[in-house]
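Peer 1: Starting off with a structure, shown below.
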């Protein structure tokens, strides 16, 4: 279960450090990252007034005004300071490494689905269809829609490695749905509709990534996944607590109406620019929240039926923690708040949280628990240390600040 700049974006700037006040014409001398600095020949400016250059030191005092960047993660934006003078080695190395780590996340995610696919295939070949009815096709469909929404999100941002992760999630989940349909565990009309949506979604996303898709068609697809995601999320959340709450479709129906109205207002120009951007971010956020809700649902099930936790596979939980953990460095590096929150939540709550539950119920050994704990802590510490080093920050806390906030220009 899988949730700025692209992997090819330039590094942060190297800026001259001045010992006193700002020089008005200094910025124009570095207007292009490909242009060499022009020597200062003015007689009014003495060369002795300049000290050595230091990377990442701004000529002007940092401003204290910040604006929240969280809700606009769907819009690619460069990191603060987009004027570059030369490439920074540490930045480029971390940029490349985070891309490779995000791509490597495909391995644990693939291993998560393979056992279920193989088991289903064995039962189908043996003519034993009953075990397949134990797999919830509705839960698998929800997961598939989440992957499809996030695929659109990352296709828009041109994040190739993340696209591959979500595509793998879509394909592997769809294979399970095909098996359920063959066994009769999933209604045929629902399967046909799902197949059309999956096929169309994959085709449109990759056309858009290659820049071959008409803007109007892409806008329609974005509206479709926005309405679909916003309708499914509250219904799934409500259904988690049945029978403690009445079984009702009211949450999903209400959300559907709200989503349709919001999309129509955004497309007809009835919303301000801030509102349009918010509506545009809904599909990615609802998909992320769907995945974030899954561990809560699992924890609630564990709370109601503690004995059921013994049925959880410690290796499956560990693979989920590793897969999502591998995505955290890239999400932090490109300052994608939504992606970072989703991956971190799944890593800590779904992955490590369930490992803690397994340990408390004596399902796993102490050595397993300690190894998972130490490994996770070292991974997070290393991630923030490398990120702050790549950006030239003095403290990893600056990376957190840059992730959540965007300095006002």
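Residue numbers (my numbering): 12 to 420. Beta carbons: idealized from backbone N, C-alpha and C, even for Gly.
Residue 242 to residue 279, Cα distance in whole Å?
Peer 2: Going by the C-alpha atoms only, they are around 21 Å apart.
Peer 1: State yes or no: is the C-beta of residue 301 within less than 8 Å of the C-beta of residue 261?
Peer 2: Contact: no.
Peer 1: Quick one: what does DSSP say residue 197 is sitting in, helix, strand or coil?
Peer 2: DSSP places residue 197 in coil when its eight states are reduced to three.
Peer 1: Could you give the DSSP three-state label for residue 116: helix, strand or coil?
Peer 2: Coil, per DSSP.
Peer 1: Can you look up residue 85 in the DSSP assignment and give me helix, strand or coil?
Peer 2: Any reading at residue 85 needs caution, since the residue's pLDDT is 45, under 50, leaving its predicted position unreliable; the model's value is listed next. Coil.
Peer 1: Would you tell me roughly how many angstroms separate the C-alpha atoms of residue 411 and residue 199, rounded to the nearest one?
Peer 2: Roughly 47 Å between the two C-alpha positions.
Peer 1: Between the segment 160 to 176 and the segment 103 to 119, do at least 3 Cβ pairs fall closer than 8 Å?
Peer 2: Flag = yes, the segment 160 to 176 and the segment 103 to 119 touch.
Peer 1: Alpha carbon to alpha carbon, how far is residue 303 from residue 297?
Peer 2: Roughly 10 Å separates the two Cα atoms.
Peer 1: In the DSSP assignment, the alpha helix (DSSP H) including residue 344 goes from what residue to what residue?
Peer 2: Counting along the chain, the alpha helix (DSSP H) containing residue 344 begins and ends at 325 to 344.
Peer 1: Could you pull out every residue in the same chain whose Cβ sits closer than 6 Å to the Cβ of residue 338, ignoring the five residues on either side in sequence?
Peer 2: Excluding positions up to five away in sequence, the list reads 113, 116 and 354.
Peer 1: Is any heavy atom of the ligand MG found at a distance shorter than 7 Å from the C-beta of residue 340?
Peer 2: No copy of the ligand MG appears in this structure; indeed no ligand is present at all.
Peer 1: Count the other CB atoms, across all protein chains shown, that sit within 10 Å of the CB of residue 204; report buried if there are 16 or more and exposed otherwise.
Peer 2: Exposed.
Peer 1: Just reading off the alpha helix (DSSP H) that residue 347 is part of, what are its end residues?
Peer 2: Premise fails: residue 347 is in no alpha helix (DSSP H) and is neither H nor E.
Peer 1: Taking the alpha-carbon positions, what's the residue 363 to residue 336 distance?
Peer 2: Answer to the nearest angstrom: the Cα atoms are 10 Å apart.
Peer 1: Using the rule of at least 16 other Cβ atoms within 10 Å of the residue's Cβ for burial, across every protein chain shown, is residue 254 buried or exposed?
Peer 2: Residue 254 is exposed by the Cβ-count criterion.
Peer 1: Which whole-angstrom value is the C-beta distance of residue 221 and residue 202, which I expect to be below 8 Å?
Peer 2: 29 Å between Cβ atoms; not a contact.
Peer 1: Is residue 224 helix, strand or coil by DSSP?
Peer 2: Note: residue 224 maps to coil in three-state DSSP.
Peer 1: Suppose contacts are defined by Cβ-Cβ distances below 8 Å. Is residue 181 in contact with residue 158 by that definition?
Peer 2: Yes.
Peer 1: What's the gap between the Cα of residue 234 and the Cα of residue 312?
Peer 2: Between residue 234 and residue 312, the C-alpha separation is close to 33 Å.
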